[in-house]
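Remarks on the structure that follows.
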Amino acid sequence: MKKIGLLTLLLLAGICTYAQTEAELKSELKTKKDSIAAIQGRANAIQAQIDALPGWKTGAFGTIGVNLSNFSNWYAQGFPNNSAGNIGFTVNAFANLKEDKFFWRNSANVNLQWVKLDDKDDPTDSDSFREATDVFNITSLYGRRLSQRFAVSTLGEYRTTILNNFNDPGYLDLGVGGTWTPTDNLVVVIHPLNYNFVFSSEDAIFNSSLGAKIVADYTRKLGAMNYKSNLSLFQSYESGDLSNWTWINSFSYTLWKMIGVGFEFGLRNNKQEALNYSVNTLGNTGDTFDTVDNDLQTYWTLGLSYAF
Numbered sequence: 034m035k036k037i038g039l040l041t042l043l044l045l046a047g048i049c050t051y052a053q054t055e056a057e058l059k060s061e062l063k064t065k066k067d068s069i070a071a072i073q074g075r076a077n078a079i080q081a082q083i084d085a086l087p088g089w090k091t092g093a094f095g096t097i098g099v100n101l102s103n104f105s106n107w108y109a110q111g112f113p114n115n116s117a118g119n120i121g122f123t124v125n126a127f128a129n130l131k132e133d134k135f136f137w138r139n140s141a142n143v144n145l146q147w148v149k150l151d152d153k154d155d156p157t158d159s160d161s162f163r164e165a166t167d168v169f170n171i172t173s174l175y176g177r178r179l180s181q182r183f184a185v186s187t188l189g190e191y192r193t194t195i196l197n198n199f200n201d202p203g204y205l206d207l208g209v210g211g212t213w214t215p216t217d218n219l220v221v222v223i224h225p226l227n228y229n230f231v232f233s234s235e236d237a238i239f240n241s242s243l244g245a246k247i248v249a250d251y252t253r254k255l256g257a258m259n260y261k262s263n264l265s266l267f268q269s270y271e272s273g274d275l276s277n278w279t280w281i282n283s284f285s286y287t288l289w290k291m292i293g294v295g296f297e298f299g300l301r302n303n304k305q306e307a308l309n310y311s312v313n314t315l316g317n318t319g320d321t322f323d324t325v326d327n328d329l330q331t332y333w334t335l336g337l338s339y340a341f
């Protein structure tokens with residue numbers, strides 16, 4: 034009995050010692066995490082001061098996605114012999130000049146993707162990659178400051194596809210107006226005098242027009258996270274059928290050095306593009322601006338991210 038009692042006391046002492054040690058370690062870990070958060074806060078404050086300095090600021094981030102596969106005699110699926118692939122990447126780059134009396138902001142967004150599904154048992158099936166996502170957008174904004182937050186400005190924006198149907202259609206916006214910069218990360222452009230040049234071989238559907246241009250751009254780098262949101266809207270004075278808007282959101286989170294996880298999604302509404310697709314691709318030659326289904330256009334990309 035004495036041996037059993039002694040063994041019980043030793044076990045209880047070991048449990049108490051372990052519990053005490055675990056509590057101490059958790060308390061120490063919490064203190065370390067608080068210290069890391071405080072250091073990161075000071076680092077973010079210094080970075081904000083650097084970003085506020087005059088001069089050029091440049092950078093880029095985006096996503097890369099690659100998925101390749103090959104199946105032979107995999108009878109459980111509909112195409113037992115096939116090779117498939119998905120390759121894509123996005124780029125969000127900027128070059129901004131900030132001075133006391135003026136600013137010049139330049140940005141580019143590119144999203145390209147290729148896919149293939151080759152059924153090896155079908156001799157007519159293509160074994161090549163084909164274009165899936167095709168987005169190209171560049172913007173240049175110059176502003177002359179009236180105050181710290183307001184400026185008179187001029188904007189040039191060009192949007193098209195580059196893998197297929199380059200500049201058909203292509204959109205070039207040129208306009209003047211005002212720019213509001215409530216914070217260093219947010220830029221709001223309001224140009225009541227803007228001309229939307231539309232380049233296309235389909236003159237019966239695509240038309241240029243005068244209107245108002247509104248752009249809202251938010252770019253933020255916070256620690257390991259990069260975020261960019263850009264809304265570009267053109268409101269035609271001639272007809273709502275000639276108006277359009279595009280909203281693109283990009284995220285990346287750095288896990289190791291310059292590599293991490295990235296996600297981008299985009300939304301677009303463009304009735305001219307919807308009518309052109311219905312008439313010239315689907316063959317609905319009787320469709321008009323009044324009858325066409327102008328569905329919301331969307332895309333998203335998920336993959337490895339990079340940042341410079």
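The sequence shown lines up with residues 34 to 341 when you count with our numbering.
Just so you know, even glycine gets a beta-carbon here, dropped at the ideal spot from N, CA and C.
Reduced DSSP category for residue i - H, G, I as helix; E, B as strand; rest coil
| i | result |
| --- | --- |
| residue 309 | helix |
| residue 273 | helix |
| residue 237 | coil |
| residue 132 | coil |
| residue 186 | strand |
| residue 166 | strand |
| residue 223 | strand |
| residue 171 | strand |
| residue 64 | helix |
| residue 109 | coil |
| residue 315 | coil |
| residue 212 | strand |
| residue 58 | helix |
Straight-line Cα distance separating residue j from residue i
| i | j | result |
| --- | --- | --- |
| residue 148 | residue 98 | 11 Å |
| residue 163 | residue 100 | 14 Å |
| residue 286 | residue 96 | 10 Å |
| residue 109 | residue 120 | 26 Å |
| residue 180 | residue 254 | 25 Å |
| residue 187 | residue 250 | 15 Å |
| residue 184 | residue 313 | 43 Å |
| residue 54 | residue 63 | 14 Å |
| residue 216 | residue 327 | 35 Å |
| residue 169 | residue 128 | 17 Å |
| residue 243 | residue 270 | 6 Å |
| residue 343 | residue 282 | Summary: the structure shown does not reach residue 343, with the chain confined to residues 34 through 341, and so no result is reported for it. |
| residue 182 | residue 210 | 14 Å |
| residue 165 | residue 339 | 22 Å |
| residue 288 | residue 171 | 28 Å |
| residue 57 | residue 105 | 57 Å |
| residue 276 | residue 71 | 48 Å |
| residue 316 | residue 208 | 36 Å |
| residue 154 | residue 146 | 26 Å |
Per DSSP, the bridge partner or partners of residue i
| i | result |
| --- | --- |
| residue 97 | 122 and 337 |
| residue 325 | BP columns for residue 325 are empty, so no partner. |
| residue 117 | 102 and 150 |
| residue 292 | 289 and 339 |
| residue 90 | 129 |
| residue 145 | 122 and 167 |
| residue 157 | Residue 157 pairs with nothing; no bridge assigned. |
| residue 179 | DSSP, once it has assigned bridges, lists no residue as partnering residue 179. |
| residue 192 | 170 and 204 |
| residue 138 | 129 and 174 |
For residue j and residue i, believed in contact at Cβ under 8 Å, the rounded distance
| i | j | result |
| --- | --- | --- |
| residue 246 | residue 222 | 7 Å |
| residue 267 | residue 309 | Rounded, the Cβ-Cβ distance is 17 Å, inconsistent with contact. |
| residue 131 | residue 177 | Their Cβ separation, rounded to whole angstroms, is 13 Å, which puts residue 131 and residue 177 out of contact at 8 Å. |
| residue 265 | residue 248 | 5 Å |
| residue 292 | residue 219 | Between residue 219 and residue 292 the Cβ distance is about 28 Å, and since that is not below 8 Å, they are no contact. |
| residue 191 | residue 205 | 5 Å |
| residue 252 | residue 300 | Not really, about 18 Å apart at Cβ, beyond 8 Å. |
| residue 296 | residue 329 | Not really, about 19 Å apart at Cβ, beyond 8 Å. |
| residue 167 | residue 200 | 12 Å between Cβ atoms; not a contact. |
| residue 93 | residue 124 | 6 Å |
Inset, instruction - Mind listing, in chain order, the continuous alpha helix (DSSP H) runs of no fewer than 4 residues lying wholly within the segment 241-285? - result: none
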